[in-house]
Amino acid sequence: MAAAETLRSVLKWNRLATATGCIVLAGLLIQLLKSGPVSRTDERSENRGAVADQMGGKRMAADLIVAWQDEPDHFTQSRRRMLIEDIAGRDVTDETVLRAMGKVPRQEFVPADSRDAAYQDYPLPIGEGQTISQPYIVALMTQLAGARRGCRALDVGTGSGYQAAVLAEICEEVCSIEIVEPLARQASARLAALGYDHVHVRHGDGYRGWPDKAPFDVIIVAAAPDHVPEPLVEQLAAGGRLVIPVGRSYQELLMIERDQDGELHQHPGIPVRFVPMTGEAENQSPPGRPTD
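Residues in the sequence shown are numbered consecutively from 865, following the numbering used here.
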């Protein structure tokens, strides 16, 4: 099937009730969103172009690293390696996202005994039974959410505050909600100390978002409910995107987009593994499922 036909079959999922379906790898999804029809005779040239794009992305990434204040050089170099190999070396190509990931000092968002592993591409424990997501997933979700200069973002599941900091490097305002009170306090103090004064952190249940601050151009959720919370969808601005892991034993990263006419479009994505969303999410039934 041609790429354009594959994309059309994906985009037919316009209703939030369609939470199951085929899994599309993140790289394929991003490429399909960019590309038109591709014939077999074009495959070799397309592959050469993809390799060239990847190499160009790596070269660009190498130029986007910024030393954070007076951090030790080995952290700066570790961030450079992360950006080149783990992020630009895969399918994150958005320069705005790469620039943000190249600046935020991830070592400041993990416990002291984990700092040497801060730039490895896997989750790390941050206390209270929670983790900081792997760098690639943070970058991918930020890219899928379409974060752009001047946008307003909602970050559900503050955790250490790392995702909020990445968004703060891009967005005009970031609102972040954390259900675990000690983590909310620590993240708020950490972000303030690092100079992210346009990030607002509050302790609370993220299921219903932050209505007083809505609408949002970007909503990123770092905990998995078993269905898409309707209040979060309602808080999407026209042209806004919600990126959220959904599922229990099996989780899928979904991107939900509200177009300029107010219509919703749901795009399936890669399998992921996040901590479950707690609080109200545990007591709400998915659309179409009868209550007990």
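Beta carbons: idealized from backbone N, C-alpha and C, even for Gly.
As the structure is a computational prediction, the values presented were derived from the model and not from experiment.
Across the set 1047, 976, 1105, 954, the C-alpha of 1105 shows the shortest separation from the C-alpha of residue 1084. For residue 1120, no alpha helix (DSSP H) encloses it; the enclosing beta strand (DSSP E) starts and ends at 1115-1122.
Using a Cβ-Cβ distance cut-off of 8 Å, the region 937-948 and the region 974-990 are in contact, since at least three pairs of beta carbons, one from each stretch, lie closer than that value. Here residue 1007 has 956, 958, 961 as same chain residues with Cβ atoms under 7 Å from its own Cβ, once five neighbours each way along the sequence are excluded.
When Cβ pairs closer than 8 Å are counted between the two stretches, the region 1019-1033 is seen to touch the region 1057-1077, the count reaching three or more. Where residue 1037 is concerned, the enclosing beta strand (DSSP E) starts and stops at 1037-1042. Residue 1110 and residue 1039 have their C-alpha atoms spaced approximately 21 Å apart.
Take residue 926, set aside five residues on each side of it, and the residues of its chain with a beta-carbon closer than 7 Å to its own are 944, 948, in chain order.
Look at residue 1002 here: in three-state DSSP terms it is helix.
Nearest neighbour of residue 1090 by Cα position, chosen from 1118, 1074, 1131, turns out to be 1118. Residue 1030 sits in a helix when the DSSP states are folded into three classes. About 5 Å separates the Cβ atoms of residue 963 and residue 928, confirming a contact at the 8 Å cut-off. DSSP places residue 961 in the uninterrupted alpha helix (DSSP H) bounded by 959-965. Residue 1131 carries a strand assignment under DSSP once its states are collapsed to helix, strand and coil. Membership of residue 1055 in the alpha helix (DSSP H) is indicated by the continuous run 1045-1057. Taking residue 1055 as the centre and dropping the five residues before and after it, the same chain places the C-beta of 1025, 1063 closer than 6 Å to its C-beta, in chain order. In this structure, the straight-line span from the alpha carbon of residue 1096 to that of residue 1120 is close to 10 Å. Counting along the chain, no alpha helix (DSSP H) covers residue 1016; the unbroken beta strand (DSSP E) around it starts and ends at 1016-1020.
Of all alpha-carbon atoms in 1133, 1059, 1009, 1136, the one lying nearest the alpha-carbon of residue 1082 is that of 1009. 1080 is the residue among 1058, 1113, 1080, 1086 whose C-alpha sits nearest the C-alpha of residue 1098.
Bounds of the beta strand (DSSP E) holding residue 1067 are 1063-1067. Secondary structure at residue 985: coil, using DSSP grouped into helix, strand and coil. Check the Cα spacing between residue 991 and each of 1037, 966, 1046, 1131: the tightest is with 1046. The beta carbon of residue 1138 lies closer than 7 Å to those of 1086, 1087, 1088, 1109, 1115 in the same chain, with the five residues before and after it left out. Pairing residue 1044 with residue 994 gives a Cβ-Cβ distance under 8 Å. For residue 1089, the three-state secondary structure derived from DSSP is coil. Where residue 994 is concerned, the enclosing beta strand (DSSP E) starts and stops at 994-996.
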